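Quick note: to get our numbering, add 103 to the position in the sequence shown (first position is 1).
Note that beta-carbon positions come from the ideal geometry of N, C-alpha and C, so glycine has one too.
Quick caveat: nothing in here was measured; it's all calculated off a predicted structure.
Data first, discussion second: the structure below is written as structure tokens.
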Amino acid sequence: MRNEKKKNQQNEFDRHIEHSEIYEDKLPLRVMDKPISLEDEFANKQINKELKDAINSLSELQKRIIQMYYFENKTLREISEIEGCAIMSVKDSLNSAIHKLEKN
């Protein structure tokens, strides 16, 4: 009987710890650490491959602009300074690249 009481107390303690972890700063981590299914992993790899192929079909200038804007978080002004052209030219190239990617 005494072991049963200890076990119940331990279970109560464990449930308390579990609940406190859910409502503290660890909740986002628990959501982020959710395992990815094999199907989802395959789908993600397929989407990434298609996106990479679509980006590779762009002109060199458009690839550079996409790289700087989306992956290096540069502004249109920064890109225009790097490329030595007007901001509107960068914006037009970016929009054209996005349109081509949407088609693919």
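Listed in chain order, the non-local C-beta contacts of residue 166 below 7 Å within the same chain comprise 158, local neighbours out to five positions each way being set aside.
The distance from the Cβ of residue 172 to that of residue 185 is about 11 Å, inconsistent with a contact at the 8 Å cut-off. Excluding its 5 nearest sequence neighbours in each direction, residue 190 has C-beta neighbours in its own chain below 7 Å: 179, 180, 183, listed in chain order. The DSSP-derived three-state label of residue 177 is coil. Judged by DSSP in its simplified three-state form, residue 207 adopts coil rather than helix or strand.
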